[in-house]
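Notes follow the structure.
Residue numbers (our numbering): 36 to 347.
What follows is the structure, given as structure tokens:
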């Protein structure tokens with residue numbers, strides 16, 4: 036039995052690129068209904084977001100979408116804060132698609148530098164997620180979905196898509212797009228979902244992938260494979276084998292889907308992004324245990340193509 040290296044990582048992923056966010060203008064706090072809304076700016080150095088509380092004129096979803104779109108396009112400033120959008124960027128339209136908001140930008144969006152683009156993206160997503168009923172935001176430039184530097188679609192974003200980014204340590208963070216494997220409605224097939232994440236460089240890619248897998252899917256027709264209370268106790272890769280150590284919840288709270296779907300959701304998600312050929316899974320440091328009724332974890336699991344649902 037291999038002894039796993041326990042990696043004690045206490046770095047927390049913090050939703051939103053909100054290093055140094057300031058709350059000013061307390062008169063803008065909502066007194067009725069207990070709701071509080073914010074509008075986002077950047078500092079003069081364009082290194083971090085700033086926010087101020089504000090009161091929307093109306094709180095119906097469409098009215099709030101229209102108002103936020105207008106405020107962003109008007110490039111509002113406040114005190115020492117500058118507008119979130121540079122002068123060349125403008126929202127052309129916003130389309131509500133169930134619980135996702137599709138935001139269409141003009142071509143000027145692609146002219147932004149990487150740091151400013153991150154701030155704009157985070158500020159827009161954070162702004163529209165305040166609208167009741169919206170759980171995700173997807174960007175388009177013209178009619179083309181926004182992609183990363185490798186040409187991969189950014190996909191639907193929510194608060195978990197961003198981590199804290201301060202002007203003095205932004206080089207400590209990186210941005211990656213991962214392919215995660217969830218399941219379809221039958222639980223029998225794995226479905227691919229692209230997810231783009233900013234995270235601290237000190238975090239192993241394997242851990243980021245597994246934590247995103249635990250968060251669950253963001254696309255319609257995709258279903259979770261891991262219990263949301265599962266913890267990644269440790270993860271390390273050595274000699275082209277990735278050793279994953281989950282908490283007992285991985286087994287005790289396992290979802291009612293086939294064991295192989297759960298196992299290969301983890302295996303394929305990890306192997307798609309790291310330099311490894313096999314994955315070994317353990318529970319609380321023990322790998323000579325069974326998972327469910329038919330699967331021994333005392334095993335090395337390789338890539339599984341047969342379970343992946345064909346793309347239409």
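Heads up, the beta-carbon is just placed ideally off N, CA and C, and yes, glycines get one too. Values in this document were obtained by computation on a predicted structure and should not be read as measured data.
Can you name the start and end residues of the beta strand (DSSP E) that residue 139 belongs to?
Position 104 of the chain shown, counting from 1, holds the residue named residue 139. 135-140 is the span of the beta strand (DSSP E), which, as asked, contains residue 139.
So for residue 250, helix, strand or coil by DSSP?
On the chain shown, position 215 is the one that residue 250 refers to. Here residue 250 sits in helix by DSSP.
Pairwise C-alpha distance: residue 248 and residue 303:
Residue numbering aside, residue 303 sits at position 268 when the chain shown is read from its first letter. Residue numbering aside, residue 248 sits at position 213 when the chain shown is read from its first letter. Those two C-alpha atoms are separated by around 11 Å.
How about residue 270 and residue 236: are their beta carbons less than 8 Å apart?
The residue you call residue 270 lines up with position 235 of the chain shown. The residue you call residue 236 lines up with position 201 of the chain shown. Going by C-beta atoms, residue 270 is not nearer than 8 Å to residue 236.
Status (buried if at least 16 other CB within 10 Å, exposed otherwise) for residue 104:
Numbered from its first residue, the chain shown carries residue 104 at position 69. When all chains shown are included, residue 104 counts as buried.
At 3 residues or longer, and completely inside the region 72-102: list those beta strand (DSSP E) runs for me, N to C.
72-77 and 84-89
Just the Cα atoms here: how many angstroms apart are residue 59 and residue 238?
Counted from its first residue, the chain shown places residue 59 at position 24. Counted from its first residue, the chain shown places residue 238 at position 203. A caution first: residue 59 carries a pLDDT of 35, below 50, which makes its placement in the model unreliable, though a value can still be read off. Approximately 33 Å between the Cα atoms of the pair.
Please specify which runs of the beta strand (DSSP E), each continuous and at least 3 residues long, are wholly inside the region 172-246, giving them in chain order.
208-218 and 225-235
Contacts around residue 294, its chain only, beta-carbon distance under 8 Å, and the 5 residues preceding and following it disregarded
If you number the chain shown from 1, residue 294 lands on position 259. These residues qualify, in order along the chain: 326, 327, 328, 329 and 330.
Grouping DSSP H, G and I as helix and E and B as strand, with all else coil, what is residue 107?
Taking the chain shown and counting its residues from 1, one reaches residue 107 at position 72. Of the three classes helix, strand and coil, the one that applies to residue 107 here is helix, per DSSP.
Can you give the beta carbon distance from residue 120 to residue 172, rounded, assuming they're within the 8 Å contact cut?
Taking the chain shown and counting its residues from 1, one reaches residue 120 at position 85. Taking the chain shown and counting its residues from 1, one reaches residue 172 at position 137. That belief does not hold up - the Cβ atoms of residue 120 and residue 172 are roughly 15 Å apart, past 8 Å.
Across the region 208-220 and the region 254-261, are there enough close Cβ pairs to call them in contact, namely three or more that are closer than 8 Å?
yes
Give every residue of the same chain whose Cβ lies closer than 6 Å to the Cβ of residue 21, excluding the five residues on either side of it in the sequence, and list them in chain order.
Outside the displayed span of the chain (36 to 347) sits residue 21, for which this structure offers no information.
Whose CA, out of 89, 340, 186 and 94, lies closest to the CA of residue 225?
Translated into the one-based positions of the chain shown, residue 225 becomes position 190. Nearest option by C-alpha distance: 340.
Where the alpha helix (DSSP H) containing residue 303 begins and where it ends
Here residue 303 refers to the residue found at position 268 when the chain shown is read from its first residue. Here the alpha helix (DSSP H) through residue 303 covers 294-306.
By Cβ distance below 6 Å, which residues in the same chain neighbour residue 316 in space, the five residues on each side in sequence not counted?
Residue 316 sits at position 281 when you count from the first residue of the chain shown. Around residue 316: 279 and 332.
Backbone secondary structure at residue 116 - three-state DSSP:
For the purposes of this step, residue 116 is taken as residue 81 along the chain shown, with counting starting at 1. The answer is strand: DSSP assigns residue 116 an E or B state.
Apply the 10 Å Cβ neighbour rule to residue 66 and answer buried if 16 or more other Cβ atoms are within range, or exposed otherwise.
Numbered from its first residue, the chain shown carries residue 66 at position 31. Because the pLDDT at residue 66 is just 32, under 50, the model does not fix this residue reliably, and the value given afterwards should be weighed accordingly. The residue is exposed, with fewer than 16 neighbouring Cβ atoms inside 10 Å.
Among 240, 284, 297 and 275, nearest to residue 223 - alpha-carbon criterion
As a working mapping, residue 223 is identified with position 188 in the chain shown. Comparing Cα positions, the closest option is 297.
Report the rounded CA-to-CA distance for residue 107 versus residue 192, giving the unit in angstroms.
For the purposes of this step, residue 107 is taken as residue 72 along the chain shown, with counting starting at 1. For the purposes of this step, residue 192 is taken as residue 157 along the chain shown, with counting starting at 1. Going by the C-alpha atoms only, they are around 18 Å apart.
Here's the rule: buried if 16 or more other CB atoms are within 10 angstroms of the residue's CB, otherwise exposed. What is residue 112?
In the chain shown, counting from the first residue as 1, residue 112 sits at position 77. Burial call: exposed.
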